[in-house]
Each structure stands twice: as C-alpha cells, then as structure tokens.
C-alpha cells in the first residue's frame, strides 16, 4: 500500500509538471499579430527607404494569412453598424506605431468612405479582412515618368498650382478573402479612396507612418474627368485611363474615431 501510494503521488507530480509545461508553452506561443510586428521590424528601415522585393513578399505573405478572428473582430461590433440618418463614421483601432512603421485597423460600416488621399514617401500594405468595398486609386503621371521626383507639389503647364494629371491604377470592387494590396511612394496606386459596400475591416501597415514634421502630410484630393482640362496635357493613352487630381481640405464629413483594440497584444522586446 505504501509503495502504491508513493507511485500514485509520483504520477500526480508528473501530471502537474506536464500541465505547467503545457501552460508555459501556450503562453510563449507566437500569435500571428506578433509575427506581423516582428516581420515589420525586420522589413522597414525608416524614412527614405523602400523595402526590397523580397521583403515586400515576406510581409505580404504574413498579412495574407491574417483573419478577422486573429485580431479580435466580428460583424456584431458596434463600429460596423450604420446609424440611421447619420454620416457613417470610420473607427480606427491602433495596434502599434514607431518612427519606422505603424499598424492599425480601419473599421467601416456600410457606405463608409475614406476619401481620396495620398501616402507621401510611404510603402503601404492593406489587407481587407472581411466585406466588400470599391477601391479607386491613382499614381501621378509625373512620378511614373521620373521615379526619383518626390513631387511634394504639382503644377500645370502654365506654372500655376492646380489640378495635376494622374493615371488610374485601379477602379473596382474587392471582396474578402483577397490578397494583400501594396502601394509604393511612386507607384501601385499611391492615392486611393475606399467606399464600403458592406461592413468592412482593413488592416493597414504603413512604413514609415505619416509625420508632418518630416514632410509626410496626408493630403486629400478631388478628382475630375480627364476631359475637364483637355488643353493641359497631351498624352498617348495606350489604353490607360487618366484623371485630374486637385488638392482639397480634409472633408468635414470624414470622421474617424478611435476605439480600443481588443485582439492579441503586441509584445515589444
């Protein structure tokens, strides 16, 4: 009996040890959000740099695996509901920001709009987690012709500040699940506009983030049909579509509110 009791106690001790080990392993298991953060730290080098093609593919592959559940989102959340008679408000969930990159989620109710805006000197990864939205994006024609020009301002042929010529990069509906979209400082659709057709969530990674002091100010635009200013440009279309973009103030009806992020936390170490 004594020997039997000793063996039983030993077995119980081994079981407790295994449970502690299991809890320890679970506690240190890396979440996909943590993997995204670690990959961003390796990929982004700071202002004035663009990730290499290999690094772009590596970060994109991580984002492609992320789901709404991975970041604690579901359609029943208040931020995805549209209030009757009110302009839809956009909700932003902040995950991380440093001088090299930022990670956040935009939550759009039906008919929510993120107006046409730019990303100066930035590489941006956008992952639609769920929903359907219309996306329209542009690149400056000048920038496409001279990729080394930052084009902080644009002028027409008369030398006066005014509408500038842009080429349409995309104009259509995107529905999740879909691949992560990537835009670059001088290409890929650097100016874009989102219009939610259903409740939508977009995970955004910006490298580097906006910073007024460093010249990365978010500028908003009105777009006009190419035929609106026919005398200002002579181009060969080659099947491409063009439009004129003119700077504007931030739209008064564009409201973004912050809300707590409830998903897995990022551990900075």
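In the numbering used here, the protein residues as written are 331 to 599.
Yeah, the Cβ is synthetic: ideal placement off N, Cα and C, and Gly gets one too.
From a predicted model like this one, the values you see are computed outputs, not experimental measurements.
{"Asked": "Distance between residue 380 and residue 471 (C-alpha atoms, nearest Å)", "Found": "20 Å"}
{"Asked": "Distance, residue 396 Cα to residue 361 Cα", "Found": "10 Å"}
{"Asked": "Collapsed DSSP secondary structure at residue 453 in the structure displayed", "Found": "strand"}
{"Asked": "Close Cβ partners of residue 544 (< 7 Å) along its chain, the five nearest in sequence each way excluded", "Found": "377"}
{"Asked": "Cα-Cα separation between residue 465 and residue 366, rounded to whole angstroms", "Found": "24 Å"}
{"Asked": "Nonlocal neighbours in the same chain, by C-beta distance under 6 Å from residue 429, ignoring five residues either side", "Found": "none"}
{"Asked": "Cβ neighbour criterion (16 or more within 10 Å) applied to residue 502", "Found": "exposed"}
{"Asked": "Neighbourhood of residue 552 by C-beta, 6 Å cutoff - its chain only, sequence neighbours within 5 removed", "Found": "576, 578"}
{"Asked": "Span separating the alpha-carbon of residue 557 from that of residue 375", "Found": "41 Å"}
{"Asked": "For residue 439 and residue 655, believed in contact at Cβ under 8 Å, the rounded distance", "Found": "Within the shown structure, residues of the chain are numbered from 331 to 599, placing residue 655 beyond reach of any answer."}
{"Asked": "Nearest-angstrom Cα separation, counted from residue 513 out to residue 485", "Found": "For residue 485, the pLDDT reaches just 41, beneath the cut-off of 50, and the residue's location in the model is therefore unreliable, although a value from the coordinates is still provided. Their Cα atoms are separated by approximately 23 Å."}
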